[in-house]
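According to the numbering used here, the stretch in the sequence shown is residues 859 to 986, in order.
Don't be surprised by glycine CBs; every beta carbon is placed ideally from N, CA and C.
These numbers were taken from a predicted model, which means no experiment stands behind them.
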Amino acid sequence: MDAKRIVEFIDLYLRHEMVWNDIYGEEISIEPIKPAIVCADGFAMSVQASEGSYSAPRKYLIKQTRYGYTAVEVMLWEQPAPDTWQEYSEHGVEGLYAWVPIELVAELILQHGGLKLSEPWNQHIASE
């Protein structure tokens, strides 16, 4: 899987939301916190994008265009970020990086051997 496919996967992964009808029959959607993305070598990180995250563009713009996220919020627990990420560091919160270009996230995933995907995601990626 190359960087372009990883960017496409991350965008698709982040667009997933939960939708249901309330007691009045009105549709409600929420953006759940996404589980960690796990790499082939076991490295894991949180990648989030929503109205309340350090990400771009905002959800209302995503729905109006066919373009996906260009920057995301990333939390790293296991290792420091690459030196190129220092400008995205959220001072005061160790391991939190804001407005990180999605291409840099893809590069970090590739450095860790690519994505470790569960079967449903593998089938989706293989079918495209």
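Under the three-state DSSP convention, the category residue i falls into
| i | result |
| --- | --- |
| residue 895 | strand |
| residue 905 | strand |
| residue 975 | coil |
| residue 929 | strand |
| residue 861 | helix |
| residue 956 | strand |
| residue 961 | helix |
Cβ distance (whole Å) where residue i is taken to contact residue j below 8 Å
| i | j | result |
| --- | --- | --- |
| residue 864 | residue 968 | 7 Å |
Local Cβ density within 10 Å of residue i, reported as buried at 16 or more and exposed below that
| i | result |
| --- | --- |
| residue 882 | exposed |
| residue 963 | buried |
| residue 951 | exposed |
| residue 884 | exposed |
| residue 931 | buried |
Candidates the options: closest to residue i by CA position
| i | options | result |
| --- | --- | --- |
| residue 966 | 957, 975 and 939 | 939 |
| residue 953 | 879, 869, 867 and 902 | 902 |
| residue 871 | 860, 862, 906 and 897 | 906 |
Cut-off 7 Å between Cβ atoms - residues of its own chain near residue i, not counting five sequence neighbours on either side
| i | result |
| --- | --- |
| residue 946 | 955, 956, 957 and 958 |
| residue 933 | 903, 904, 953 and 954 |
Contact set for residue i: own chain, Cβ-Cβ below 6 Å, skip 5 residues either direction
| i | result |
| --- | --- |
| residue 869 | 926 and 927 |
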